[in-house]
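Okay, so here's the structure we're looking at.
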Amino acid sequence: EAGVAQSPRYKIIEKRQSVAFWCNPISGHATLYWYQQILGQGPKLLIQFQNNGVVDDSQLPKDRFSAERLKGVDSTLKIQPAKLEDSAVYLCASSGTSGSISYNEQFFGPGTRLTVL
Amino acid sequence: AQSVTQLDSQVPVFEEAPVELRCNYSSSVSVYLFWYVQYPNQGLQLLLKYLSGSTLVKGINGFEAEFNKSQTSFHLRKPSVHISDTAEYFCAVSGAYSSASKIIFGSGTRLSIRP
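Those protein sequence lines, which keep their order, are chains C and Y. The C-terminal position of the first sequence is numbered 117 in the working numbering, with every residue numbered one higher than the one before it. The C-terminal position of the second sequence is numbered 1115 in the working numbering, with every residue numbered one higher than the one before it.
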């Protein structure tokens, strides 16, 4: 089974520019997550989708970050305008329904490394 | 709300030596606990998880962890490490009994293996 796909793998932009990241989850996975991983820190959840609806976006900086999952499959995360502190790895993960009502394993993509100059 | 503390940011060990990576958590509710591994330029891979039952959990690549509720710890151990174990290891926690509960990650421990 194919894993979570992300593109691009690397992106370098200047501050105040915009950037978009794409994620294609594992086929059939209803839940999709975007995480931000700053160097030296653990991943931090930015937004969680259940199908095409938002479950949790409490830590998404909504003045500059946006995300969508229009058809409930792949997703795009956008930053506009970017700041220096947005330099990080952006990880996408997905989870399905294993039959358990309480736990669904998250599978992670390779991430997109963003450098803002 | 939950939180995770990984006490060591870096752990250097010699090849074939045992290793323990420490993790403590805090939570006001029952929890699920996880250890993830991240190899250079890759995403996170689940090593093992504790959901319920036996407090000693065995994972992939010879790793195991023990859930200690009284000490709120979930330390990761391996009796003999290999060069290929060089990676970053993240302890994580989520609230139990809810598939929508988000995972909170620790800051990571970098394991470096010396030949």
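Backbone N, C-alpha and C define an ideal beta-carbon position, used for all residues, glycine too. All values derive from a computational prediction rather than experimental measurement.
Asked: Inter-residue CB distance, T31/C and S94/C (contact presumed, cutoff 8 Å); Found: 6 Å
Asked: Whole-angstrom C-beta distance between V1081/Y and E1016/Y, which should lie under 8 Å; Found: 7 Å
Asked: Chain Y contact for G96/C (CB, 8 Å cutoff); Found: no
Asked: Residue closest to K1078/Y, alpha-carbon to alpha-carbon, out of S1009/Y, V1013/Y and D1008/Y; Found: V1013/Y
Asked: Span separating the alpha-carbon of P81/C from that of Q17/C; Found: 5 Å
Asked: Those runs of the beta strand (DSSP E) which lie wholly inside the region 66 to 93 of chain C and span at least 3 residues; Found: 75 to 79
Asked: Host beta strand (DSSP E) of L1051/Y (start-end); Found: Unbroken run through L1051/Y: none, as it is neither H nor E.
Asked: Span separating the alpha-carbon of E1088/Y from that of K71/C; Found: 34 Å
Asked: Element boundaries [beta strand (DSSP E), containing I47/C]; Found: K44 to Q50
Asked: Proximity test, Cβ basis, 8 Å: L1044/Y and chain C; Found: yes
Asked: From A88/C, W22/C and H29/C, residue whose alpha carbon lies closest to that of A67/C; Found: W22/C
Asked: C-alpha gap between S1107/Y and R1022/Y, whole angstroms; Found: 12 Å
Asked: Nearest-angstrom beta carbon gap, S1030/Y and Y1097/Y [assumed within contact, 8 Å]; Found: 7 Å
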